[in-house]
Amino acid sequence: MKPIVLVAVAALAASGTLALAHKGASGVMKERMDMMSVLGNNTKALAMMARGRTALDWQIVEQAGQAAVHTGQTFPEKFPADSFKAPSEAKRNIVSELENFTLLAVGLAEAGQALQNAADMQDEGAFLVAFQGYAQTCKACHSLYRE
Ligand code: HEC
């Protein structure tokens with residue numbers, strides 16, 4: 000658990016706008032938005048590495064993978080029917096299509112596992128493949144379930 004917390008704290012520190020963006024969000028809504036903000040920051044860091052703009056740091060890849068696994072496993076629990084209101088950008092059809100939404104979340108968890116495997120092997124080629132798959136899971140879900 001500790002590495003996930005570290006990534007979360009680093010992400011919060013890096014993003015001064017986070018508190019502002021989530022103003023008015025509380026409880027389970029804030030929890031899920033915070034999880035997504037962490038993924039957003041992790042993805043930026045990974046993209047810089049994938050493009051060769053920053054050096055590959057296997058610890059960051061490992062932690063980003065862990066955050067994706069954890070988010071993929073717990074995210075679908077965080078959408079009770081009464082939690083669809085501003086400032087959330089979540090679409091209401093998550094409730095009626097929870098099975099499909101959960102499948103997409105499982106895809107995120109699997110992509111996180113692939114990132115962790117690449118970090119364990121310290122294999123750059125595996126990282127590049129895993130990162131592509133990982134980034135794809137974000138788009139697949141947002142296109143259906145995020146405003
Ligand atoms: C299973 C579906 C799903 C997957 C997979 C997913 N997201 Fe999201 N994401 C959402 C939903 C739904 C919201 C809107 C949540 C809300 O506002 O209540 C969201 C919101 C966000 C936000 C805005 C958070 C904020 O500040 O309010 C960011 C950034 C984000 N996602 C990044 C990512 C990234 C990066 C990935 C992939 C690594 C990803 N997401 C994967 C469903 C998903």
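In numbering that gives the first Met the number 0, the protein residues as written are 0 to 146.
C-beta: ideal position from N, C-alpha, C; glycine also.
- From the listed residues Pro79, Leu103, Glu123 and Gly39, the smallest Cα separation to Thr136 is found for Leu103.
- Nearest to Phe100 by alpha-carbon distance, out of Cys140, Met32, Val37 and Met28, is Cys140.
- Chain-ordered, the residues whose CB falls short of 5 Å from any heavy atom of ligand 1 come out as Ala20, Met32, Met35, Ser36, Leu38, Gly39, Thr42, Ser87, Glu88, Ala89, Leu103, Ala104, Leu107, Thr136, Cys137, Cys140, Tyr144 and Arg145.
- Inclusion of Ala110 and Ala129 in the CB contact set at 9 Å is warranted, their separation being smaller than that value.
- The three-state reading of DSSP puts Ala89 in strand, counting E and B together.
- When beta bridges are read from the DSSP output, Arg145 appears opposite Ala89.
- DSSP places Ala108 in the uninterrupted alpha helix (DSSP H) bounded by Leu97 to Met120.
- Shown here, Asp56 sits in coil according to DSSP, grouped into three states, outside any helix or strand.
- Of all alpha-carbon atoms in Glu88, Gly26 and Gly132, the one lying nearest the alpha-carbon of Arg145 is that of Glu88.
- Its Cα nearest to that of Ala118, the residue Gln62 stands out among His69, Gln62, Lys77 and Asp81.
- Leu97 and Gln65 have their C-alpha atoms some 23 Å from each other.
- For Gly51, the secondary structure class from DSSP, reduced to helix, strand or coil, is coil.
- The straight-line gap separating the alpha-carbon atoms of Thr53 and Thr42 is approximately 13 Å.
- Within 10 angstroms of the beta-carbon of Asn92 lie fewer than 16 other beta-carbons, which makes it exposed.
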